[in-house]
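*Asks:*
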Amino acid sequence: MSKDTEKAVVGLSGVGLGLDELVRHGARQVIQQAIEAELSELMERFANVKTLQGQRAVVRNGYLPEREVLTAAGPIAVKVPKVRDRSGSGVKFNSTIVPPYVRKSPRVSAALPWLYLKGISTGDMGEALSVLLGDDAKGLSANVVSRLKAQWADEHVAWSRRDMSGSHHVYWWVDGIHTGLRSENSDGQCLLVIIGVKPDGSKERVAIGDGYRETKASWLELLLDLKKRGLKAGPRLAVGDGAMGFWAALEEVFPATRGQRCWFHYAEFRITPMCSGKLAPRVVNAQ
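Note that our numbering has the sequence shown beginning at 406, numbered continuously upward.
1. Can you tell me whether Thr620 is buried or exposed? The criterion is at least 16 other CB atoms within 10 Å of its CB, across all chains shown.
2. Looking at Gly614 and Met569, is the spacing between their C-beta atoms short of 8 Å?
3. Just checking my contact of Val503 with Val474 at CB under 8 Å: how many whole Å lie between their CB atoms?
4. Which residues share a DSSP beta bridge with Trp578?
5. Could you give the residue range of the beta strand (DSSP E) that holds Asn466?
6. Give the list of continuous alpha helix (DSSP H) stretches no shorter than 4 residues that lie fully inside the segment 607–664.
7. Kindly indicate which residue of Val454, Leu627 and Ser607 has the alpha-carbon position closest to the one of Val598.
8. Measuring straight from C-alpha to C-alpha, what distance separates Val575 and Val644?
9. May I ask you to list the residues that DSSP assigns as paired with Gly495?
10. Rounded to whole angstroms, what's the CA-CA distance from Asp605 to Glu441? Just pull it up for me.
11. What residue range does the alpha helix (DSSP H) around Glu471 cover?
12. Whose CA, out of Ala482, Val562, His573 and Ala462, lies closest to the CA of Pro470?
13. Helix or strand or just coil, what does DSSP make of Ile436?
14. Beta carbon of Val496, beta carbon of Val464: below 8 Å?
15. What's the C-alpha gap between Ser492 and Phe498?
16. Have a look at Val602 and Ala612 and give me their C-alpha separation to the nearest angstrom.
17. For Tyr506, count the other beta carbons within 10 Å of its own beta carbon; 16 or more makes it buried, fewer makes it exposed. Which is it?
18. May I ask which residues mark the beginning and end of the beta strand (DSSP E) holding Asp490?
19. At what residues does the alpha helix (DSSP H) containing Val562 begin and finish?
20. Please determine, among Tyr468, Glu657 and Glu609, the residue with the shortest C-alpha to C-alpha distance to Lys632.
21. According to DSSP, Thr476 sits in a beta bridge with which residue or residues?
22. Hey, out of Pro486, Phe451 and Gly479, whose CA is closest to Ser494's CA?
23. How long is the line joining the alpha carbons of Leu457 and Asp490, rounded to whole angstroms?
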């Protein structure tokens, strides 16, 4: 990452909605997929090597004990697979990316949730993987990277087209996530995120998509897509920033859903500026 990541991400992570947990879970999945892709490349390389009995010489042989990998998202528990070489030639599987030791950076940690969510919305976790693993990600071969991108693309298509007819949420947390990342034609771009809470209290990603300045048109496209895929009704309550175009879009698509202003945003942008010195944090915490 470069100086372009100096600004912190603004969005759900600041409200404590479990985004960090979501990112860690996703980070584990991404790293585990990368390890498995490395192993698949090794297995293909020795696919034609046979024992005297005509069996494959190099075969999978379970996993090593689970271990933690230090990443920009914090410690991630992963399982590294083992191979057995029945020919006795000493073939072993050594992952390029385990164990990577990445120095945590506030700028990287701030950008990671945005990169992960961007990966979900585009079907390519490549940039998030690079941030997670730092220089160790460069050790992945072109074949492994190609395999991973194909896998991510397939998963993205399946997730973005999944049937929503059986989904029911008590409430939604809604926000537009912005970051200091800058690139050509990126001004005003953000990620629109809806996290839903089911009747049993569990959370799930409802929708993640690109948006422009959190406009009504951007949110309307996201909500209409959910409805098109079978979502019969919105939640009883939606919580979010009062300045978003989401509310106008919600009124059109799911008018029965009540809206509530997020207290974190209200305290940060309306109450805190009116206070000064030591009083501000006390007022915010009182909310």
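Glycine included, C-beta positions come from ideal geometry on N, C-alpha and C.
*Replies:* Taking the structure as given:
1. By 1-based counting over the sequence shown, the position of residue 620 is 215. Flag for Thr620 reads buried.
2. For the purposes of this step, residue 569 is taken as residue 164 along the sequence shown, with counting starting at 1. For the purposes of this step, residue 614 is taken as residue 209 along the sequence shown, with counting starting at 1. Cβ atoms of Met569 and Gly614: not closer than 8 Å.
3. The count along the sequence shown starts at 1 and reaches residue 503 at position 98. The count along the sequence shown starts at 1 and reaches residue 474 at position 69. At roughly 6 Å, the Cβ-Cβ gap stays under 8 Å, so Val503 and Val474 are in contact.
4. Numbered from 1 along the sequence shown, position 173 holds the residue referred to as residue 578. DSSP output for Trp578 lists Ile600 and Val644 as bridge partner(s).
5. Numbered from its first residue, the sequence shown carries residue 466 at position 61. Run containing Asn466: Val463 to Tyr468, per the beta strand (DSSP E) assignment.
6. 621–633 and 651–658
7. Position 193 of the sequence shown, counted from the start, is the residue given in the question as residue 598. Nearest option by C-alpha distance: Leu627.
8. For the purposes of this step, residue 575 is taken as residue 170 along the sequence shown, with counting starting at 1. For the purposes of this step, residue 644 is taken as residue 239 along the sequence shown, with counting starting at 1. Their backbone Cα atoms lie some 11 Å apart in a straight line.
9. For the purposes of this step, residue 495 is taken as residue 90 along the sequence shown, with counting starting at 1. Its beta-bridge partners do not exist; DSSP assigns none.
10. Your numbering for residue 605 matches position 200 in the sequence shown. Your numbering for residue 441 matches position 36 in the sequence shown. Going by the C-alpha atoms only, they are around 33 Å apart.
11. Working through the sequence shown from its first residue, we reach residue 471 at position 66. Per DSSP, Glu471 belongs to no alpha helix (DSSP H) and is neither H nor E.
12. Numbered from 1 along the sequence shown, position 65 holds the residue referred to as residue 470. Ranking Ala482, Val562, His573 and Ala462 by Cα distance to Pro470 puts Ala482 first.
13. For the purposes of this step, residue 436 is taken as the residue at position 31 of the sequence shown. Helix at Ile436.
14. Within the sequence shown, the letter at position 91 stands for residue 496. Within the sequence shown, the letter at position 59 stands for residue 464. Their beta carbons are not under 8 Å apart, which means Val496 does not touch Val464 by this criterion.
15. Within the sequence shown, residue 492 is the residue found at index 87, counting from 1. Within the sequence shown, residue 498 is the residue found at index 93, counting from 1. If you take the alpha carbons of Ser492 and Phe498, they lie about 15 Å apart.
16. To locate residue 602, count along the sequence shown from 1; it is residue 197. To locate residue 612, count along the sequence shown from 1; it is residue 207. One C-alpha to the other measures close to 13 Å.
17. Stepping through the sequence shown from its first residue, residue 506 is reached at position 101. Residue placement at Tyr506 is poorly supported in this model, since its pLDDT is 42, which falls under 50; the coordinates still yield a value, given next. Label assigned to Tyr506: exposed.
18. For the purposes of this step, residue 490 is identified with residue 85 of the sequence shown, where counting begins at 1. Taken as a continuous stretch (DSSP letters only), the beta strand (DSSP E) holding Asp490 covers Pro486 to Asp490.
19. Translated into positions along the sequence shown, residue 562 becomes position 157. Here the alpha helix (DSSP H) through Val562 covers Ala547 to Ser565.
20. By 1-based counting over the sequence shown, the position of residue 632 is 227. Closest by alpha carbon: Glu657.
21. Translated into positions along the sequence shown, residue 476 becomes position 71. In the DSSP output, where bridge partners are listed per residue, Thr476 has Gly479.
22. Translated into positions along the sequence shown, residue 494 becomes position 89. Out of Pro486, Phe451 and Gly479, Phe451 has the C-alpha closest to the C-alpha of Ser494.
23. Counting from one through the sequence shown, the residue named residue 457 turns up at place 52. Counting from one through the sequence shown, the residue named residue 490 turns up at place 85. Going by the C-alpha atoms only, they are around 13 Å apart.
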